[in-house]
Each structure stands twice: as structure tokens, then as C-alpha cells.
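Reading through the C-alpha cells given below for one structure.
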Amino acid sequence: MPPRKKILSDLSPNMSERLPLLVANHKENDSLEEVISWVDEIAESAQRFDGTIIFCPSYPFLAVVYQKISHDGINIKLGSQDISRFERGNHTGEVAASQIADIVKFVIIGHSERRTLLKEDDDVLKEKVKRAKEAGLEPIFCVQNEQTPIPDNVEIVAYEPVFAIGTGNPDTPENVKVVAQKLRARGQYTILYGGSVSAENVKSFVVDNVQGVLVGATNSLDPQKFIGILEALK
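The sequence shown lines up with residues 6 to 239 when you count with the working numbering.
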């Protein structure tokens with residue numbers, strides 16, 4: 006059998022993670038039973054994936070999923086959908102980066118839904134990046150365009166145009182390429198694209214400066230749809 010043609014170099018220039026990066030953001034969805042079933046269903050395809058799969062379920066499920074993927078040796082890494090801007094203390098309802106640093110390696114920061122619905126501004130996001138790095142977590146920092154401010158010490162940047170999130174109307178591969186070039190001119194980032202990513206279009210995005218995708222609920226909650234994306238990137 007001839008060697009597989011690689012889409013990208015094996016390793017991220019910034020990290021030890023193998024490329025491409027494939028992030029599943031389940032948002033505020035699923036029960037514990039559904040999350041465990043999801044992991045079971047994608048496990049076989051995950052074992053054959055040469056890149057890095059980062060699964061971001063809701064907070065209550067992180068510890069159980071960590072135990073499962075560790076015990077079963079599943080090729081999945083865990084990420085959090087958010088962290089507090091504060092360190093541990095009297096902040097009811099918040100979760101500090103240091104509290105989950107033993108079970109997750111990544112954290113999504115700056116998603117447009119939190120910017121819009123929860124009014125997170127650049128100062129809040131800068132504090133979250135600081136807390137993540139202090140705890141040894143790798144931020145996946147979301148930007149809406151090439152002008153979005155990016156805090157210091159960010160290594161993974163996810164371009165997610167607002168009009169493409171959950172709409173079924175992704176950005177064009179040509180524009181994603183232009184935005185990625187402009188982001189790369191600002192720093193040596195590992196760049197992801199997010200916004201209506203599917204099995205049918207993912208390979209058109211993961212080229213040149215784009216080294217992975219952030220997949221939202223529409224195509225990551227259904228394990229078969231997510232497997233389709235995973236298989237398309239092999």
C-alpha cells in the first residue's frame with residue numbers, strides 16, 4: 006500500500022500535538038449517558054487518526070470522560086469550553102483553570118457565543134488566557150476576523166466568522182485562506198477554522214496555513230457526522 010499523502014506536517018510548530026487538530030465543541034448539550042456513548046462510538050475511528058482529537062463536553066462530564074479515555078486508552082484529549090477569569094476563591098458558580106488542569110489540556114476562550122451572550126470583552130478574555138497559561142492549559146482562542154485582538158502567549162487561534170456558526174453557511178475556503186495568512190502575519194499561530202464545518206467541506210479548509218478545525222454542535226453532537234469529518238481528514 007502506498008504511503009498516505011499527508012495534508013500537513015506531522016507536528017504543530019508551537020506544540021507537541023500531531024496535526025491536524027480536530028476540536029469537538031458540544032456546547033450546552035447532552036447527558037452523561039449520551040457523552041459516554043459518543044466516546045464509545047467514535048473510539049475506533051479515533052484510534053486510526055494520525056492527528057489530535059480534542060473533545061470539549063460540558064463541565065459536569067469532564068472527570069468521567071477523562072477516566073474513560075485514560076482507562077480505555079482512547080486517542081482523545083480533553084478540553085474545557087471555558088474557564089473563570091479568576092483564580093480559586095469566593096466566586097460562586099465559577100470553575101478555575103487550576104481546578105481542572107489535571108484532567109484537561111485545552112480550553113476554548115473567546116467563542117463568539119460568550120462574547121455576545123455573556124458580554125465577554127477583550128479585558129476578560131485576556132485574563133482568562135493568563136489564568137489558562139498559569140495552570141498549564143493551552144487556550145484555543147477564537148477570533149471573528151483578522152483584526153480581533155489576540156492576547157500574548159496564545160498559540161492556537163480559531164477563526165470563526167459569526168455568520169457561519171450553526172447556520173450551515175460556512176465561509177469560503179478562499180477567504181479562510183486569506184484570513185489565515187493575515188493571522189499568520191501577526192504571529193506564529195496554529196490556525197483552525199470553525200463555522201459550519203462538515204465532512205463534505207473540511208478538506209477544502211484544512212490546507213496551507215489552516216491546521217485543523219473547530220466543529221460545533223451541528224456536526225459534532227452526532228457521532229457519525231463527526232466520524233465523517235475525522236475520516237475526511239485522514
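Here a beta-carbon is modelled for each residue, glycine too, at the ideal position from N, C-alpha and C.
Counting of Cβ neighbours within 10 angstroms places D77 among the exposed residues, the total staying below 16.
Taking one beta carbon from each stretch, the stretch 133 to 140 and the stretch 165 to 172 have fewer than 3 pairs nearer than 8 Å; the two do not touch.
Under the DSSP assignment, K135 falls in the alpha helix (DSSP H) whose first and last residues are 127 to 139.
Residue pairing by DSSP leaves T223 without any beta bridge partner.
In the same chain as E236, and ignoring 5 residues on each side of it, the C-beta atoms closer than 8 Å to its own belong to S50, A204, in chain order. Here V207 really is in contact with I234; their C-beta atoms are around 5 Å apart, less than 8 Å. K82: not part of any alpha helix (DSSP H); member of the beta strand (DSSP E) spanning 82 to 85, first to last residue. Per the coordinates, the alpha-carbon of Q104 lies some 24 Å from the alpha-carbon of E38. Looking at the DSSP output, Y64 shares a beta bridge with no other residue.
Annotated as distal: I145 and F91, with beta-carbon spacing of 9 Å or more.
At least 9 Å separates the beta-carbon of L83 from that of G217. Here the alpha carbon of L26 sits roughly 28 Å from the alpha carbon of K124.
The Cβ neighbour count for D176, taken over all protein chains shown within 10 Å, is at least 16; the residue is labelled buried.
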